[in-house]
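S.K.: Structure incoming, see below.
Numbering (the numbering used here), first residue to last: 999 to 1162.
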């Protein structure tokens, strides 16, 4: 019986002193940027305003951050994030807005009317309502692509509207 206790104590000591080794499942080399399956570039040939749009080409579903905004005065109002998109996708795409308010993170996703498949320019949007006393600390603007293919985005507008 004492022998089992000693062997057990030694085994526990060895387990504590010798942490399990991590097993590498896959290594992804970034020597070639195409390994990311994502390309973001200006496209002067396809646009709705200005000198170019942004073309996003992806090999799989992805989210691309389009920017962050702080210092907005939108208390007791609705913040509306709109953009024009043109798609050549196997899947759909919509706008997403992450809002930091009072230490918390909240989001709004424009999934009600996404851009789908192969489409010409379409305005998509999402909105976030702020009640009296609520002001955003920071707002992150994203485009979410559920699928693969290309998407052009242009004419991004962030506006303030009265609550309805």
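Ideal Cβ placement from N, Cα and C applies to all residues, glycine included.
Would you grab the beta carbon distance between residue 1148 and residue 1090 for me? Rounded to a whole angstrom, and I think it's under 8 Å.
M.R.: No, residue 1148 and residue 1090 are not in contact; Cβ-Cβ is about 13 Å, not under 8 Å.
S.K.: Evaluate the contact criterion for the region 1090-1110 versus the region 1131-1146: three or more CB pairs, one atom per stretch, below 8 Å.
M.R.: yes
S.K.: Under the rule that 16 or more other beta-carbon atoms within 10 Å means buried, what is residue 1077, buried or exposed?
M.R.: buried
S.K.: For residue 1134, does the count of other Cβ atoms within 10 angstroms reach 16, so buried, or fall short, so exposed?
M.R.: Here residue 1134 is buried. Its C-beta has 16 or more other C-beta atoms within 10 Å.
S.K.: Is residue 1155 buried or exposed, if buried means 16 or more other CB atoms sit within 10 Å of its CB?
M.R.: exposed
S.K.: Mind reading off the beta-carbon distance from residue 1121 to residue 1106? Whole number of angstroms is fine, and I expect it under 8 Å.
M.R.: That belief does not hold up - the Cβ atoms of residue 1121 and residue 1106 are roughly 16 Å apart, past 8 Å.
S.K.: Quick one: grab the DSSP three-state call for residue 1051.
M.R.: strand
S.K.: Could you spell out where the beta strand (DSSP E) holding residue 1072 opens and where it closes?
M.R.: Element bounds for residue 1072: n/a, residue is neither H nor E.
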